[in-house]
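Note sheet for the following structure.
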Amino acid sequence: MYILTEGEVNTDITKLDRCWAEIATFVFLPDRSGVSKEWVEKVVRQLPELFHKNHFVLFTSGSTGQPKLVIGSRERAEKLARVLHEVQDSEPCRQAILALPLTYCYAFVNQWLWSRVMKRDLILSGGFKQPDTLRKALLEANDALLCLVGAQVSLFTTHYGHDISFPGIIRLHFAGGPFPQNEIDIVKRLFPNARIFNNYGCAEAMPRLTIRPLEDSDEGSNIGKPLPGVELKISDKGEILFRSPYQAVGFYDDNGLYIPTEEDWISSCDLGEEIENGYWRIKGRSNEIFKRYGEKISLPQLLEIVYACWSGQAAFYRDVDISGEGGHVLILSPEPTKEQVRSILQAFRKNYSRTHWPIRVESTSSFPVLPSGKIDKSALSRITDRTIHWRQRS
Amino acid sequence: MNNKEKLRDLLIDVFLLEDSEFHFDLKREDVDTWDSLGVVSLAVGIQETFGYHLEPEEALTISGVQDIIKILEAKGISFDGET
Chain X
1304 MYILTEGEVN
1314 TDITKLDRCW
1324 AEIATFVFLP
1334 DRSGVSKEWV
1344 EKVVRQLPEL
1354 FHKNHFVLFT
1364 SGSTGQPKLV
1374 IGSRERAEKL
1384 ARVLHEVQDS
1394 EPCRQAILAL
1404 PLTYCYAFVN
1414 QWLWSRVMKR
1424 DLILSGGFKQ
1434 PDTLRKALLE
1444 ANDALLCLVG
1454 AQVSLFTTHY
1464 GHDISFPGII
1474 RLHFAGGPFP
1484 QNEIDIVKRL
1494 FPNARIFNNY
1504 GCAEAMPRLT
1514 IRPLEDSDEG
1524 SNIGKPLPGV
1534 ELKISDKGEI
1544 LFRSPYQAVG
1554 FYDDNGLYIP
1564 TEEDWISSCD
1574 LGEEIENGYW
1584 RIKGRSNEIF
1594 KRYGEKISLP
1604 QLLEIVYACW
1614 SGQAAFYRDV
1624 DISGEGGHVL
1634 ILSPEPTKEQ
1644 VRSILQAFRK
1654 NYSRTHWPIR
1664 VESTSSFPVL
1674 PSGKIDKSAL
1684 SRITDRTIHW
1694 RQRS
Chain S
365 MNNKEKLRDL
375 LIDVFLLEDS
385 EFHFDLKRED
395 VDTWDSLGVV
405 SLAVGIQETF
415 GYHLEPEEAL
425 TISGVQDIIK
435 ILEAKGISFD
445 GET
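Here the protein sequences line up with chains X and S, keeping their order.
Counting in our numbering, the first sequence runs from 1304 upward without gaps.
Counting in our numbering, the second sequence runs from 365 upward without gaps.
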């Protein structure tokens, strides 16, 4: 077993191909994972012998910010790449353009592994860390597949303005966060020839569980139907549980090593429900739903209200009010005008009682992000560059 | 900014009123957001804006904007002659 870093692969992508072709299991680590190489090596030494060959290990901090190593079987992952090729109608795609970090499970399987298994080109772009390179890659795209997270949509406008489009992208996938339903007109303008999909999964699923073509629903929380062979059910707590023939074979986190059996159901840590005709709906992370003054607060639902009248980025973090009751703070980026804040607050008033309103509305110049490109929610309360626009006084 | 304007801005902010909804004869029952937590917010807002600490029982007797003005005027905060 050995460690391969993101930096090594970024300078020479063929290293990853060589590692995949070798028998020994490798750990693929982001450059800024927040954990030491020593920690990873210590964990790796504890893994059973059967994981030392023909596997790969990815790092995830998910939405919780807690480090976790996820062990995948190469055979399972390649099978999933083939399944994704079918269900995502990817046959016409000649190439994949990478706009996400390759250590991110979603990009690793949906793009790098797919391009390897299906013998398509992989175009590295540096993502929004190198916006000019990304723009060039997208403009030169030739029947390409692109994977994004919803939070990236606003970055297109920020970096490239409103008058650009990328007709060479013919398949566009979203995963790793809320589907950008409220920005779908912008997405269609940016990618006029793309079939658009909402994908749902998690690193433990390695990583996909469901898929929904855009046209199947106009509801952002609709995550579509399970992939072939994937089983979903709801736990007593309302969490989505899954069993998948492609899922990770083990996980290591603060609780130690967990190796699921074929009978085990694995929690996605998301709340959800089955809706009509085999479709599923996500209600948010289980830690994003809580009670405030006896009323159930769903931060994902509140975020939908915000995004209905706010085109920038938005997130909530938890805090307490002056009575010591737990609540939530809305933080926006970039800085809103007074009228935009009023408009968001009016939307809260129109749709919800006061207990659902945020304790404060703040803004920051930019959000802290995880290596995956998602907002680092665990760091929001520690942002020093913030402006308070409104607060509940209770 | 005079005291009437300060009170108007405070009530708009606490109860998330549209500017057009506000008038000085507004009653509690006219405002859907004038709930129990709203009463607490109002009391804190009055303390911050006018420096007067509204007792909880006093806050609960308020049935409209005119009651607030009466309470504050009784504490020497003048609204006379303000337009």
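We treat Cβ as the ideally placed atom computed from N, Cα and C, and that holds for glycine.
Inset, instruction - Assign X:E1507 to buried or exposed, taking buried as 16 or more other Cβ atoms, counted over all protein chains shown, within 10 Å of its Cβ. - result: That one is buried.
Inset, instruction - Establish whether the CB of X:S1666 and some CB of chain S are separated by less than 7 Å. - result: Between X:S1666 and chain S, the shortest Cβ-Cβ separation is not below 7 Å.
Inset, instruction - Compare the Cα-Cα distances from X:P1717 to each of X:H1462, X:S1393, X:L1458, X:L1372 and report the closest residue. - result: Here chain X covers residues 1304 to 1697 and nothing more, so residue 1717 of chain X does not appear.
Inset, instruction - Measuring only between beta-carbons, confirm whether S:T319 sits less than 7 Å from chain X. - result: Because chain S spans 365 through 447 in this model, residue 319 of chain S falls outside it and cannot be assessed.
Inset, instruction - Can you say whether X:D1435 is buried or exposed, counting buried as having 16 or more other CB atoms within 10 angstroms of its CB? - result: By the neighbour-count criterion, in which 16 or more other beta carbons inside 10 Å mark a residue as buried, X:D1435 falls on the exposed side.
Inset, instruction - Report yes or no: is there a C-beta of chain X within less than 7 Å of the C-beta of S:D399? - result: Closer than 7 Å to some Cβ of chain X, the Cβ of S:D399 qualifies, so yes.
Inset, instruction - Taking X:R1657 as the query, report the chain S residues whose CB atoms sit under 7 Å from its CB, ordered along the chain. - result: Within chain S, the residues near X:R1657 are T397, D399, L401, G402.
Inset, instruction - Would you identify the three-state DSSP class for X:Q1695, choosing helix, strand or coil? - result: Coil at X:Q1695, not helix or strand.
Legend entry - Buried versus exposed, by CB contacts within 10 Å (16 or more), X:P1639: In the assembly as shown, X:P1639 is a buried residue. Its beta-carbon has 16 or more other beta-carbons within 10 Å.
Inset, instruction - With 8 Å as the limit, tell me which residues of the region 1635-1656 of chain X have their beta carbon closer than that to any beta carbon of chain S; keep them in chain order. - result: Here the close residues are L1648, Q1649, F1651, R1652, S1656.
Inset, instruction - Could you tell me whether the Cβ of S:S442 comes closer than 7 Å to any Cβ of chain X? - result: False, the Cβ-Cβ gap to chain X never drops below 7 Å.
Legend entry - Residue span of the beta strand (DSSP E) that contains X:T1308, given as start and end: According to the DSSP assignment, X:T1308 belongs to the beta strand (DSSP E) that extends over 1305-1308.
Inset, instruction - Return no unless some Cβ of chain X is closer than 7 Å to the Cβ of S:V408. - result: Closer than 7 Å: yes.
Inset, instruction - Kindly identify the DSSP beta-bridge partner or partners of X:C1450. - result: BP columns for X:C1450 point to X:H1476.
Inset, instruction - Compare the C-alpha of X:S1614 against each of X:G1479, X:S1339, X:D1488 and name the closest. - result: It is X:D1488 whose Cα lies nearest to the Cα of X:S1614.
Legend entry - Segment contact flag, the region 1344-1352 of chain X with the region 1383-1399 of chain X, C-beta cutoff 8 Å, min 3 pairs: Not touching, per the Cβ criterion.
Inset, instruction - Establish whether the CB of X:R1694 and some CB of chain S are separated by less than 7 Å. - result: Not one chain S Cβ lies under 7 Å of X:R1694.
Legend entry - Sequence ranges, beta strand (DSSP E) only - wholly within the region 1312-1374 of chain X, length at least 3: Fully enclosed beta strand (DSSP E) runs of no fewer than 3 residues occupy 1329-1332, 1358-1363 of the region 1312-1374 of chain X, in order along the chain.
Legend entry - Given 8 Å, three or more beta-carbon pairs between the region 1628-1647 of chain X and the region 1655-1675 of chain X: Contact between the region 1628-1647 of chain X and the region 1655-1675 of chain X is present, because at least three Cβ pairs lie under 8 Å.
Legend entry - Nearest neighbour of X:C1505, chosen from X:S1570, X:E1325, X:N1313, X:L1405 [CA to CA]: The shortest C-alpha separation from X:C1505 is found at X:S1570.
Inset, instruction - Quick one: give me the first and last residue of the alpha helix (DSSP H) that X:V1632 is part of. - result: In the DSSP annotation of this structure, X:V1632 is not part of any alpha helix (DSSP H); the continuous beta strand (DSSP E) holding it starts and ends at 1629-1636.
Inset, instruction - Count the other CB atoms, across all protein chains shown, that sit within 10 Å of the CB of X:Y1561; report buried if there are 16 or more and exposed otherwise. - result: When all chains shown are included, X:Y1561 counts as exposed.
Inset, instruction - Starting from X:S1697, find everything on chain S with Cβ-Cβ shorter than 7 Å and list it in chain order. - result: Correct list: L401, V404, S405, V408.
Legend entry - Cβ-based burial, S:H417 [other Cβ within 10 Å; buried from 16]: With fewer than 16 other Cβ atoms within 10 Å, it is exposed.
Legend entry - Own chain, CB closer than 7 Å to X:K1356, minus 5 neighbours either side, in chain order: The answer, listed in chain order, is I1326, A1327, T1328.
Inset, instruction - Compare the C-beta of S:L380 against all C-beta atoms of chain X and say whether one is closer than 7 Å. - result: The Cβ of S:L380 sits closer than 7 Å to at least one Cβ of chain X.
Inset, instruction - List the whole-angstrom C-beta distance separating S:S427 from S:K368, where the pair is believed to meet the contact cut-off of C-beta under 8 Å. - result: Contact between S:S427 and S:K368 does not hold, since the beta-carbon distance rounds to 19 Å and is not under 8 Å.
Inset, instruction - Starting from X:K1586, follow the beta strand (DSSP E) in both directions and report where the run begins and ends. - result: Looking at the DSSP string, the run of the beta strand (DSSP E) that includes X:K1586 is 1583-1588.
Inset, instruction - Just the C-alpha distance for X:V1632 and X:R1621, rounded to the nearest angstrom, thanks. - result: The straight-line gap separating the alpha-carbon atoms of X:V1632 and X:R1621 is approximately 6 Å.
Inset, instruction - Assuming X:Y1610 and X:A1617 form a contact by the criterion Cβ under 8 Å, report the distance between their Cβ atoms to the nearest whole angstrom. - result: Confirmed, Cβ separation roughly 6 Å.
Legend entry - Member of X:I1374, X:L1493, X:Q1455, X:Y1305 whose CA lies at the smallest distance from the CA of X:E1704: In the structure as shown, chain X begins at 1304 and stops at 1697. Residue 1704 of chain X is therefore absent and cannot be evaluated.
Inset, instruction - Can you say whether X:T1687 is buried or exposed, counting buried as having 16 or more other CB atoms within 10 angstroms of its CB? - result: Exposed, since its Cβ has fewer than 16 Cβ neighbours within 10 Å.
Legend entry - Reference X:G1471, options X:P1481, X:V1456, X:F1494, closest by Cα: From the listed residues X:P1481, X:V1456, X:F1494, the smallest Cα separation to X:G1471 is found for X:F1494.
Legend entry - Local conformation of X:F1670 per DSSP, three classes: Three-state result, X:F1670: coil.
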